[in-house]
Amino acid sequence: MDIRLVIFDLDGTLVGAPKPFTQLKEELRSRLLAMGIPEEALGDLTPMYETLQRVSRELGLSFEELYSHLVELETERMEESFLFEGVREVLELLRGRGVKLAVMTRSSRKAALRALEMHGIARYFDLISTRDDVAPEELKPNPGQLRAIIESLKVEPTKTLVVGDHGYDILPAKELGALSVMITSHESGRMSFSVDVEPDFEVPTMVEFKGLIENLLDTYVVVPAYNEELTIGAVLDDLLRYFRMDEIVVVNDGSRDRTGEIARSKGVHVLTHLVNRGLGGALGTGIAYALRRNARLIITFDADGQHLVSDALRVMRPVAEGRADFAVGSRLKGDISEMPFIKRFGNFILDSITALFAGKYVSDSQSGLRCFNRECASRIRITCDRYAVSSEIIIEVAKSGCRIVEVPIKAVYTEYSMKKGTNVLEGVKIALNLLLDKLR
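Going by full-length UniProt numbering, the residue at position 408 of the sequence shown is 408; the numbering climbs one at a time, nothing skipped.
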């Protein structure tokens with residue numbers, strides 16, 4: 001993936017501390033009460049910074065004086081902080097890959113710098129954005145703080161990855177279109193309240209994050225294409241929002257139109273068959289190339305505009321996180337309102353035939369949106385050149401012992417995409433021939 005900037009939350013993501021936020025909050029409450037501030041004016045002090053602003057306005061008190069107590073308590077807490085396991089290795093990895101790094105925290109600059117310098121990791125970051133560096137209305141979960149980092153480092157949102165342990169980290173990423181990762185098991189340093197929001201990826205700790213980011217940075221997309229000059233340009237433009245040019249492999253399968261020319265104009269890698277070998281031949285060529293390039297994950301993506309890149313990210317998620325070896329996008333598990341009945345019926349027949357030989361039922365065995373990890377892709381043998389390859393892949397993956405996950409997706413059906421592919425009777429005939437061949 002074309003990840004050029006990774007932005008980390010600090011507390012609960014990079015560092016933790018023995019003192020929980022609930023205790024810090026009570027210590028702050030005690031100090032404020034000692035100043036004569038009424039209990040009812042403080043509420044539950046959630047969130048603390050915004051509460052101090054409100055109390056200052058309502059009671060006409062000096063915000064600087066109130067705020068100084070919070071900064072002092074935060075800094076004392078950071079004096080006892082520790083670096084989570086795996087953090088230094090992750091920062092070294094990303095620096096070695098030329099990825100820009102930043103910190104985005106709601107902590108004060110004094111407390112944040114104390115933690116980063118104490119643990120010797122401040123030098124890794126191109127930019128450190130704290131609560132003191134942005135206007136109050138821009139502080140996360142508002143998008144202003146993230147936007148300022150992205151603009152300062154001159155990176156597009158879709159090429160930015162935000163890593164945090166709280167919904168406050170994920171919300172601005174969602175709003176600006178950046179990718180996001182939630183760290184779920186760093187209990188130390190987690191804020192005392194939660195926000196329900198779905199990240200793009202999720203891992204327990206920074207140890208697992210290292211494997212995730214390695215997978216993301218070495219993901220290849222194989223796009224088989226035959227006479228797709230009407231759609232290939234738009235498909236590649238969409239993929240290029242998230243994937244590097246050298247990670248996108250178009251297999252120009254003997255096209256007689258401008259498919260190859262258009263693909264090359266986008267800067268992606270184009271492999272060319274002199275004659276049309278069919279879908280299976282194109283997939284086999286593309287997957288073999290990605291494996292030779294040491295791909296850790298391989299996505300297959302149709303060239304006719306039927307797939308959404310947002311769905312590709314969802315399909316790759318369980319494989320990237322290490323929960324599956326192979327994932328397939330299922331149109332039958334998603335919104336099928338636009339899927340023609342004849343397609344649904346034909347798929348059911350093909351799915352049933354495939355299941356007989358795979359020993360596992362997959363609700364959309366004919367889906368072209370798939371993701372393999374390297375081990376799974378290395379185990380399968382593609383022998384079918386044409387459309388029977390979709391069934392063959394499911395059979396090969398199942399029989400090789402790969403863990404299979406289905407992910408709901410939405411297929412975009414147009415008059416153009418409906419003309420592509422094969423009809424139901426031809427598809428069943430092809431699948432039966434394949435399966436009979438498997439019995440020999």
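Just so you know, even glycine gets a beta-carbon here, dropped at the ideal spot from N, CA and C.
Three-state secondary structure assigned by DSSP to residue i
i, result
"A200", "In the sequence under discussion, the amino acid at residue 200 is Asp, which differs from the Ala named in the question. Three-state result, D200: coil."
"S185", "coil"
"S56", "helix"
"E137", "helix"
"Y289", "helix"
"F301", "coil"
"Y242", "coil"
"R131", "helix"
"C376", "helix"
"K210", "helix"
"H166", "coil"
"K333", "coil"
"G367", "Sequence check: residue 367 is Ser here, not Gly. If DSSP states are grouped into helix, strand and coil, S367 belongs with coil."
"S81", "coil"
"A39", "According to the sequence provided, residue 39 is Glu. The question's Ala does not apply to it. Looking at E39 - three-state DSSP - the assignment turns out to be helix."
"A34", "helix"
"I248", "strand"
"P157", "helix"
"L24", "helix"
"M104", "strand"
"D325", "coil"
"P408", "strand"
"D126", "coil"
"T220", "Per the sequence presented here, residue 220 reads as Tyr, with Thr not at that position. Note: Y220 maps to strand in three-state DSSP."
"V99", "coil"
"L271", "strand"
"A225", "strand"
Residues near residue i by beta carbon distance below 8 Å, same chain, minus five either side
i, result
"L313", "L179, D200 and Y242"
"E85", "T205, M206 and V207"
"A135", "G144"
"R97", "L217"
"V90", "M206, F209, K210 and I213"
"I121", "L14, L83, V87, R88 and L91"
CA nearest to the CA of residue i, picked from the options
i, options, result
"V221", "E392, M316 and A17", "M316"
"F82", "R381, F326, F372 and H186", "H186"
"residue 442", "A225, E65 and S129", "The structure shown does not extend to residue 442, since the chain spans only 1 to 440, so no value can be given for it."
"L28", "G401, V6 and T51", "T51"
"L279", "I393, R292 and E247", "I393"
"E247", "T158, F209, G164 and I298", "I298"
"V389", "C402, S363, L350 and P20", "L350"
"F8", "R88, P38 and A17", "R88"
"R370", "V309, A122 and D237", "V309"
"D132", "S68, L61 and K159", "S68"
"P20", "L139, L73 and P38", "L73"
"G305", "D237, R323 and S363", "D237"
"R123", "R95, Y289 and L61", "R95"
Close Cβ partners of residue i (< 6 Å) along its chain, the five nearest in sequence each way excluded
i, result
"G254", "H273, V275 and N276"
"E79", "none"
"C402", "D325, F326 and C376"
"A358", "I394, I395 and A398"
"R258", "E229"
Spatial neighbours of residue i in its chain, beta-carbon cut-off 7 Å, leaving aside the 5 residues before and after
i, result
"F125", "L101, A102 and V103"
"residue 444", "Outside the modelled stretch of the chain, which goes from 1 to 440, sits residue 444, for which no answer is possible."
"K110", "V71 and T75"
"E58", "A41"
"S367", "V328, G329, S330 and R331"
"Q53", "F63 and P136"
"A303", "V223, P224, A225, E228, T231, I232 and V235"
"D311", "G329, L369, I409 and K410"
"L127", "A102, I149, S152 and L153"
Rounded distance between the beta-carbons of residue j and residue i, thought under 8 Å
i, j, result
"E202", "V235", "That pair is no contact at about 28 Å."
"I150", "P141", "About 16 Å; that fails the 8 Å criterion."
"G167", "I183", "Not a contact, Cβ separation roughly 12 Å."
"L161", "V319", "Between V319 and L161 the Cβ distance is about 17 Å, and since that is not below 8 Å, they are no contact."
"M245", "G211", "Rounded, the Cβ-Cβ distance is 25 Å, inconsistent with contact."
"V195", "L171", "7 Å"
"M1", "T219", "5 Å"
"N373", "R296", "7 Å"
Residue-level contact to chain B via CB, residue i, 7 Å cutoff
i, result
"D169", "This model lacks chain B altogether, as it is built from one protein chain only."
Check: residue i C-beta below 6 Å from any heavy atom of the ligand GTP
i, result
"Y387", "Looking for the ligand GTP in the displayed structure turns up nothing, as the structure carries no ligands at all."
Review point. Looking at C-beta atoms only, is the number of pairs between the stretch 21-28 and the stretch 109-126 that lie closer than 8 Å three or more?
Key: no
Review point. Per the contact definition of three or more C-beta pairs closer than 8 Å, is the stretch 40-54 in contact with the stretch 211-231?
Key: No, the stretch 211-231 does not touch the stretch 40-54.
Point to revise | Three-pair Cβ contact test at 8 Å for the stretch 280-287 versus the stretch 373-393 | key: Yes, the stretch 280-287 is in contact with the stretch 373-393.
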